[in-house]
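Notes follow once the structure below has been shown.
Residue numbers (this note's numbering), protein chains in the order written: chain R, 609 to 926; chain X, 1420 to 2094.
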């Protein structure tokens, strides 16, 4: 078991190493370098030399990679070009803001998705299922930049209940954030919840049709007891990996939603730093997003492994 | 003894078709279950037997609903009860033992919990008493170390053990009536015999009434006092078990019994023409009319009622049943087949073949070798003659299908050679074989549902080998396909059908036709009849034999069913844990002296005759791996003589009948032991 966990972690680290190589090489093979890209028309003479010196671009690429990588391992991403401040300081609040947005969406979205999925499955083809399923399919098919814009139009402009865009500094406190994130959270969790609810629904329906559920009924197990003891644990197990994928998808969804709502999170930073041609920040973001992706999938794999008695005993026996 | 526990009255169950028509699956079924009695309900797939059994617990599958009639349990109608009332009866008064316990036990709950759940629901025992009871129950169903068994998950048990747990769970509520839905189907022969023996013991011990549903007349014969035969949703024959099995007076039951291959007969069983009608397709007349050889015009127009015949204590649904009275002598006959007694040249030789499923280690992969000291299949030496049918027999895990796969080139051999025609070595890698060798060896799979592409018509399925091996096209291709269909006795109009529009037997015929399309020299048959109903199985066996006699094909026939093997094969090889135990002409393998494992297998075969009881000589332990040294059967052998069995691989001994046995016991001594 432990060996397996270590193996998975090792594989994750290799993935991250490859991602870092690709982003570094990608930046290297682009015409010009960080300085010429950043300085644009002023990229000549003393300004260029100073920039090159400051970023240490005069040493060979592999040395710079090793240098950069060893700093990243220590948690230091170097300096951003635009703000000329440590990337860590730029990233810190942004990471926090995005985490707040994502985790609130997850905390609301996942339980909601499970409940909706179970309701639709147990009342299959009846009124609750038809209603909820229609809504979920609807919210699944609308891309988030449209649903987000519509939300702003309806809730913020027509009804005037909530601010349309988020106008707070990136280092706002948690409480300041909360009142501002309601609309973004709704926009994000709509699609996520819909996806997961569909998944939970089909999983529960499949388990309900299984021989062991029929057996439980014929054993005289009361309906709700059967649902909770015999159906749900087996139905939700395969859902874990889908949840992980959905969360990973959230990273992409967050980018668009953050831009629409002007939310000071990681997603907006990605767009900003790309349009500012701030290559060191882009590199740092690539690594961070990749780590989150790898991390979430790792956790999901391990959870499935722990919760599934089949896999568990398989590992112990080996 | 005469108190009626459950009574089904005029029950019809059906569904609404897409066209809004009401289609019934059960039609007007009435029967009574008496206290302490075991009733066998027998019928082929689609006869409505499971629907009837579940209705007797007040359970109707989704999509179905009762059309009329009632299921009275102690004079209360189960079909009118609320789910609350049913929860009080299910598991407590009527308990179920399911078909496939592996799938009927909830995978995330421990065995102990699942039995405890039943105890909690249906008894007033406290925690301590329940724990004791769980051990007691597990002990009663003869599971090893019942105390630790409770902490296992279902998947950690073998198939036979899972079935025993299901029995223990059903007994937890001390029910008055036990419903068994194909409880031994899917188990190995020896395990099946053991589970049946356990059920018989429980029926006697607890006085519980049982309803035993099965397609297998052999199993039904072992347990039932009374038998109900179902066909197309109706009861066609009902009466005392002995009467039904020995003197069947309904033409369907008669044909069914004749189509079962029997150990005592060497020929092929007679098959019934046609197949069971689809629900809703019968409008008037007797539902068995199309397949019946006693049918008259009257049968076409009027459907017979279930008639009670007092002197035989039997109910029968047939106008012409009198013609079958005293015809029972004909039951023990079979169609003699032309057998191949070792003439002809050797076409395929397996020499010292070993096959391993062990994962290759990195360095072995580089050197392209497999280093497994204890491979799944080891030292297989078989010479197969042209035109013979050789059968590989054994229980699951005996390596029979593995050998078949490696002959086909689907699995690499670890050691040894497979030689084809004139001692030419066949590569164990499919990609290295030349097209003509690939054509010469064809495979027919167990389940035609999975081996036929559901999106291809029969024409497309059959045209593939013809295009690939013979480059046929246009009119010639079509002519060949029609010829092939004719060979397997299917009409030309089948060409445009999809597999889902065919019955099980028809699908397997298409699969047979596909194999013959390549004009092969050898056909590998992997359990080709085990997914089929008995009457259909007999037809497929006869077809295979006919084709072989016409075309001179060689069959390698893998099966777990000794009676089927007896019917079709010229020579039999018995395998245990991937090692050969015995090989010889089939009429001799079925006679003593035998290898102790063959003896165990033969003893466990269930015959559709209440007077032939299975002999249980060995424990039904499941061995996961072959032993590292010594005889492969050492772990279960009832005739083990000592350390020599554990340490040395037994020598081959040739008996006077020409069958070779691999045992440490002298063959003459073995013969006298087995007298």
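Here a beta-carbon is modelled for each residue, glycine too, at the ideal position from N, C-alpha and C. Since the structure is predicted, the reported quantities are computational estimates derived from the model, not experimental observations.
By the neighbour-count criterion, in which a residue is buried when 16 or more other Cβ atoms sit within 10 angstroms of its Cβ, residue 1746/X is exposed. At a cut-off of 9 Å, the C-beta of residue 1479/X has no neighbouring C-beta in chain R. Proximity of residue 1527/X to chain R, defined by a Cβ-Cβ separation below 9 Å, is satisfied. Nothing from the segment 1790–1818 of chain X brings a Cβ to less than 7 Å from some Cβ of chain R. Per the coordinates, the alpha-carbon of residue 677/R lies some 48 Å from the alpha-carbon of residue 813/R.
Here residue 1926/X is buried, its C-beta having at least 16 other C-beta atoms within 10 Å.
When rounded, the separation of the alpha-carbon atoms in residue 624/R and residue 686/R is 18 Å. Look at residue 1519/X: its C-beta is under 9 Å from a C-beta on chain R.
DSSP places residue 1956/X in the helix class (H, G or I) of the three-state scheme. Listed in chain order, the beta strand (DSSP E) runs fully inside the segment 1913–1975 of chain X are 1941–1945, counting runs of at least 3 residues. Here DSSP, grouped into helix, strand and coil, assigns residue 1819/X to helix.
Between residue 1937/X and chain R, the shortest Cβ-Cβ separation is not below 9 Å. Taking the CA atoms as reference points, residue 1930/X sits about 44 Å from residue 1731/X. Cα atoms of residue 1611/X and residue 1940/X: separation of roughly 36 Å, rounded to the nearest angstrom. In terms of beta-carbon proximity, residue 1583/X stays away from the interface with chain R, with every pair separated by 9 Å or more. Partner residues in a beta bridge of residue 1493/X, as assigned by DSSP, do not exist. Residue 1465/X sits close to residue 1651/X, with the two beta carbons spaced by under 9 Å.
Selection 1992/X, 1707/X, 1850/X and 1685/X evaluated against residue 1800/X yields 1992/X as nearest (Cα-Cα). Residues of the segment 1529–1540 of chain X with a C-beta atom less than 9 Å from some C-beta of chain R are 1529, 1532, 1533, 1536, 1537 and 1540, listed in chain order.
Not flagged as an interface residue toward chain R: residue 1468/X, since no C-beta distance is shorter than 9 Å. When C-beta distances to chain X are compared with 8 Å, the residues of the segment 822–838 of chain R below that value are 822, 823, 824, 825, 826, 827, 828, 829, 830, 831, 837 and 838, in chain order. What residue 820/R touches in chain X, judged by beta-carbon distance under 8 Å, is 1522, 1523, 1524, 1525 and 1526, going in chain order. For residue 905/R, none of the residues of chain X pass the 7 Å Cβ criterion, the least Cβ distance being about 23 Å. Its Cα nearest to that of residue 1933/X, the residue 1883/X stands out among 1883/X, 1972/X and 2040/X. Pairing residue 875/R with residue 706/R gives a Cβ-Cβ distance under 9 Å. If you check the CB distance, residue 1949/X and residue 1979/X come in under 9 Å.
Between residue 2067/X and residue 2077/X, the alpha-carbon positions lie close to 24 Å from each other. Within 7 Å of the CB of residue 1506/X, the CB atoms of chain R belong to 828 and 830, in sequence order along the chain.
Relative to residue 1985/X, the option among 1463/X, 1526/X, 1810/X and 2082/X whose CA is nearest is 1810/X.
At a Cβ-Cβ threshold of 9 Å, residue 816/R and residue 1525/X do not count as neighbours. Out of 1873/X, 1457/X and 1523/X, the CA that lies nearest to the CA of residue 1916/X is found in 1873/X. At least 9 Å separates the CB of residue 1474/X from every CB of chain R. Distance from the Cα of residue 807/R is smallest, within the candidate group 834/R, 888/R, 766/R and 854/R, for 854/R. Residue pairing for residue 1509/X: DSSP places it in a beta bridge opposite 1513/X.
At least 9 Å separates the CB of residue 658/R from every CB of chain X.
Under the three-state reduction of DSSP output, residue 1798/X falls in the strand class.
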